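Residue numbers (the numbering used here): 104 to 177.
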């Protein structure tokens with residue numbers, strides 16, 4: 104599995120979806136991709152998480168997970 108990491112807040116969620124969609128559409132590797140979204144201090148709304156999940160689910164070789172980094176950076 105290959106890991107890809109992103110970090111943004113809810114304000115960047117739309118741009119994150121576009122970036123992830125483009126990455127997955129053009130990915131030619133054999134290994135599955137795990138999209139890691141580092142978040143904290145409010146994170147992403149349930150609505151934006153669902154929208155990103157929908158994008159990722161369109162590609163069978165990808166998964167998404169959110170990692171809360173608040174404790175690591177306090």
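Where is the CB? At the ideal position from N, CA and C, for every residue including glycine. Since this is a predicted model, take the numbers as computed values, not measurements.
Cβ neighbours of residue 144 within its own chain (closer than 8 Å, five residues either side excluded): 112, 173.
Around the beta-carbon of residue 142, 16 or more other beta-carbon atoms lie within 10 Å, marking it buried. In the DSSP annotation of this structure, the continuous segment of the beta strand (DSSP E) that includes residue 108 starts and ends at 105-110. Shown here, residue 165 sits in a strand according to DSSP, grouped into three states. About 14 Å separates the beta carbons of residue 170 and residue 155, which is beyond the 8 Å limit, so they are not a contact pair.
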